[in-house]
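Residue numbers (the working numbering): 27 to 598.
C-beta: ideal position from N, C-alpha, C; glycine also.
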Amino acid sequence: MRLSRLPLTTLKETPADAEVVSHQLMLRAGLIRMLAAGLYNWMPLGLKVVRKVETIVREEMDRSGAVELLMPAVQPAELWRESGRWEQYGPELLRLADRHQREFCFGPTHEEVITDIARRELKSYRQLPVNYYQIQTKFRDEIRPRFGVMRAREFVMKDAYSFHLDSASLDETYEAMRLAYCRIFDRLGLDYRYVRADSGAIGGALSHEFHVLADSGEDEIVYSEQSDYAANVEQAPAPAPQSPRPAPTQEIIEVDTPGQHTIEEVSRFLGTPPEQSVKTLIVRGEEDSSLVALILRGDHRLNAAKAAKLDGIRSPLYFADEAEVREKLGCPVGSLGPVDLDLPLYVDASAAVLSDFVCGANREGVHCTGVNWGRDANPDQVCDIRNLEDGEPSPDGSGPVRSARGIEVGHIFQLGDKYSQAMDCTVLDPDGKQRIVTMGCYGIGITRIVAAAIEQNHDEHGIIWPDAMAPFSVLLCPIGADRDAAVRDVAEILYRQCRELGIETLLDDRGLRPGVMFAEADLLGIPHRVVISPRTLEQEKLEYRHRRGRDESEEVPINGLAEFLGERITPR
RNA sequence: CGGGGCAUGGCGCAGUCUGGUAGCGCACCUGCUUUGGGAGCAGGGGGUCGUGGGUUCAAAUCCCGCUGCCCCGACCA
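Now the structure itself:
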């Protein structure tokens, strides 16, 4: 394509409301434009990247034996009532009414519709297993859309749903999907991990998430370097304490700690290590007005997902605010402690084996030292409610874990019969009996992948597309084409040659000054850049540079360029 | 939804405190010069100052309401 014909507006300055690099660069490079909160226009160059991702996903899904279909984005409420989710789903579900006041929703996901299809179409076990997929626009009315296309309200997703007679068959398809996902992310050129995920409401069913590693990721994952263990911290068990609780050696003493609230402040003030203290967090209990206390060792971090799963604690986890704590417990949050605290005490296992520890005295400016369980306070429940930290033993015993941040781009899980049961999706088995089918479902965030790829592949000058996702493979940059006929002619010849070779090529024929052209080239991130200028043309040469090696360029003979690029680019 | 902030040309901002008829940089258009890392000079176009009301001789500026957006928390591809 000729750049002169691509309506492209780039921004030299970073838009003020873009927080993460991918969002900033996507706006600056003219890939997307915001329409409203969480709604984005995909501009021509951006859409090309989306299509690249879709194509790879489609190829690998097809290769895995899945079959593509397309369901409506708008879905009737009746189906959602059948599954029970019309009531459960909450405000994230965008509900609509048509002119007859019939209720619909804009699909955030398609379990109901696909199960309805399956129960109509699938009559015999002979038709199983089957794995349907689609690539389609979803809408989720997120509480807080942010980070551009990374957490948009409307987004493109590949969703697949498989149907099986038994769990052995489900296991097979699940594994096939896991492998297909690995091939997809490998081909996209992304650094990713798949991790065991919190299966949440679905119960004990198997679930894996695929994360692109990036510091800006919203999820924390832990993985072992010695084995293939990897998990979302939300569900990685913390190691049990090694040794039993030592006997008390100190008496409980109240000490004045004026103005000291955080664990660090109190530890420094008293000269005790943070791991010898305990922090107390107040969250909602299952009844609306009830509160419970979570007790953690001072240096540990609360794991909200684990805590929310415990009986007696409201899910999702909901913190009491500062004012409520003051009103009901009579002190600021920074002065809380388990001693004489009239709330159920959920104590993390690592905090429960401390003796002679430090904690708040439930009075402003006062802490207790020499506190001991049994004598000074009693846990109501000892549990695992903390994060597994970097460097701690891996749950599979393979050595220490590393911790990293990730962007969730894929999620596969075994649904079981949740929807098939509720919606009566059955087939006849070999014995002629009606059997409820069992299901799996498999999602990939297509548009999120585009943002995640940029988070992982950029420098201070702009985007560096992985080859498989680049909107174009080659960018031809003629310098001084308006003054030098040779430059112009060579550029045109190369442009034609490249296209004949099936290489997706962008010709910058806008006649810009070199500085501007190079700055835009870096911003757009096309992998292979070829400069045509009088300087090298004299020696019948061109200047080649890969976007990744910004400071290393090499000279290539004009008539050798086709071969040179052919070795580096797989034609499409 | 709770807490904080912002709304002035396409983008980034100043002007608001102390009311006096809108300005800067980038981008855009024209001309000349320039041409290997976001050029220079000259000229030019474009703004109901988010919106509705109020105060006032006079409102971007003061007061009240509404809307939109961003940031921090719980949800997810």
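Pairwise C-alpha distance: residue j and residue i
{"i": "Glu390", "j": "Pro358", "result": "6 Å"}
{"i": "Ala42", "j": "Leu53", "result": "11 Å"}
{"i": "Val435", "j": "Glu104", "result": "30 Å"}
{"i": "Val175", "j": "Pro299", "result": "43 Å"}
{"i": "Arg213", "j": "Arg576", "result": "23 Å"}
{"i": "Ile228", "j": "Cys467", "result": "Caution applies to Ile228, whose pLDDT of 44 falls short of 50 and renders its modelled position unreliable; the value that the coordinates give is listed next. Cα-Cα distance, rounded: 12 Å."}
{"i": "Arg525", "j": "Arg574", "result": "23 Å"}
{"i": "Lys354", "j": "Glu277", "result": "28 Å"}
{"i": "Met87", "j": "Ile470", "result": "11 Å"}
{"i": "Asp282", "j": "Arg323", "result": "21 Å"}
{"i": "Pro270", "j": "Asp366", "result": "24 Å"}
{"i": "Gln440", "j": "Ala186", "result": "12 Å"}
{"i": "Met601", "j": "Phe383", "result": "For residue 601 there is no data in the structure shown, the boundaries of the chain being 27 and 598."}
{"i": "Leu550", "j": "Ile490", "result": "8 Å"}
{"i": "His136", "j": "Trp106", "result": "10 Å"}
{"i": "Leu37", "j": "Gly432", "result": "28 Å"}
{"i": "Ala588", "j": "Gly133", "result": "47 Å"}
{"i": "Ile169", "j": "Asp410", "result": "29 Å"}
{"i": "Cys208", "j": "Ser195", "result": "20 Å"}
{"i": "Val445", "j": "Ile480", "result": "As written in the sequence, residue 445 is Tyr, which differs from the Val given in the question. Tyr445 and Ile480: Cα-Cα distance of roughly 36 Å."}
{"i": "Val582", "j": "Asp510", "result": "20 Å"}
{"i": "Leu239", "j": "Ser48", "result": "14 Å"}
{"i": "Leu34", "j": "Ser150", "result": "53 Å"}
{"i": "Gly56", "j": "Glu244", "result": "25 Å"}
{"i": "Gly91", "j": "Tyr200", "result": "12 Å"}
{"i": "Arg28", "j": "Ile58", "result": "20 Å"}
{"i": "Val182", "j": "Arg128", "result": "26 Å"}
{"i": "Arg177", "j": "Asn483", "result": "19 Å"}
Paired residues, beta bridge with residue i - DSSP
{"i": "Ala256", "result": "Tyr249"}
{"i": "Leu322", "result": "Lys305"}
{"i": "Asp485", "result": "Gly488"}
{"i": "Arg555", "result": "Leu501 and Arg571"}
{"i": "Gln101", "result": "Cys131"}
{"i": "Trp68", "result": "Ile58"}
{"i": "Leu157", "result": "Sequence inspection shows Asn at residue 157; the Leu mentioned does not correspond to that position. Answer by DSSP bridge pairing, in chain order: Ser188."}
{"i": "Gly174", "result": "None; Gly174 has no bridge partner."}
{"i": "Lys78", "result": "Lys78 pairs with nothing; no bridge assigned."}
{"i": "Cys467", "result": "Tyr187 and Phe439"}
{"i": "Ser150", "result": "Leu454"}
{"i": "Arg28", "result": "Leu533"}
{"i": "Asp282", "result": "Val392"}
{"i": "Ile339", "result": "Gly311"}
{"i": "Ala123", "result": "Glu129"}
When the options are compared against residue i, the one with the closest alpha-carbon
{"i": "Arg428", "options": "Asn258, Ser90, Glu198 and Gly592", "result": "Asn258"}
{"i": "Glu108", "options": "Ser48, Leu96, Arg121 and Thr141", "result": "Thr141"}
{"i": "Ala448", "options": "Val139, Arg28 and Val100", "result": "Val139"}
{"i": "Leu32", "options": "Phe498, Val557 and Arg561", "result": "Phe498"}
{"i": "Arg539", "options": "Cys131, Ile289, Val557 and Val46", "result": "Val557"}
{"i": "His437", "options": "Leu51, His237 and Glu569", "result": "His237"}
{"i": "Glu580", "options": "Glu251, Asp124, Tyr570 and Ser48", "result": "Tyr570"}
{"i": "Arg340", "options": "Ser195, Gly360 and Arg310", "result": "Arg310"}
{"i": "Glu280", "options": "Leu502, Glu244 and Thr395", "result": "Thr395"}
{"i": "Glu312", "options": "Val304, Phe345, Asn329 and Glu301", "result": "Phe345"}
{"i": "Ala545", "options": "Arg594, Asp485 and Leu563", "result": "Asp485"}
{"i": "Ser250", "options": "Tyr220, Arg146 and Gly243", "result": "Tyr220"}
{"i": "Ile210", "options": "Met495, Val542 and Leu232", "result": "Met495"}
{"i": "Val397", "options": "Asn413, Ala378 and Arg412", "result": "Ala378"}
{"i": "Arg111", "options": "Glu147, Met97, Cys131 and Tyr158", "result": "Cys131"}
{"i": "Leu96", "options": "Val351, Pro342, Arg128 and Thr163", "result": "Thr163"}
{"i": "Leu343", "options": "Glu147, Leu591, Leu307 and Pro364", "result": "Leu307"}
{"i": "Ala123", "options": "Gln101, Glu113 and Glu348", "result": "Gln101"}
{"i": "Cys385", "options": "Ser376, Val351 and Ile289", "result": "Ile289"}
{"i": "His234", "options": "Gly528, Glu260 and Gly285", "result": "Glu260"}
Any non-hydrogen atom of the ligand MN closer than 7 Å to residue i Cβ
{"i": "Arg525", "result": "In the structure shown, the ligand MN is absent, as is every other ligand, since no ligand is present at all."}
- [ ] Check whether the region 365-372 touches the region 399-416, taking contact to mean three or more Cβ pairs, one atom from each stretch, closer than 8 Å.
- [x] Contact between the region 365-372 and the region 399-416 is present: 3 or more CB-CB pairs across the two stretches fall below 8 Å.
Open item on the list: Extract the residue ranges of the beta strand (DSSP E) inside the region 505-546, only unbroken runs of 3 or more that lie entirely within it.
Closed with: 531-533
- [ ] Could you tell me whether the region 454-473 touches the region 246-256, where touching means 3 or more Cβ pairs closer than 8 Å?
- [x] no
Task: beta strand (DSSP E) runs wholly inside the region 387-428, at least 3 long, in chain order - done: 392-397 and 407-409
Open item on the list: Taking contact to mean 3 or more Cβ pairs, one atom from each stretch, closer than 8 Å, check whether the region 199-213 and the region 391-402 are in contact.
Closed with: no
- [ ] Specify whether the region 189-198 and the region 74-82 touch according to this definition: at least 3 beta carbon pairs, one from each stretch, less than 8 Å apart.
- [x] no
Open item on the list: Under 8 Å, with one C-beta from each stretch per pair, do the region 310-318 and the region 416-424 reach the 3-pair mark?
Closed with: no
Task: Segment contact, 8 Å Cβ cut-off, at least three pairs: the region 81-99 with the region 113-121 - done: These segments do not touch.
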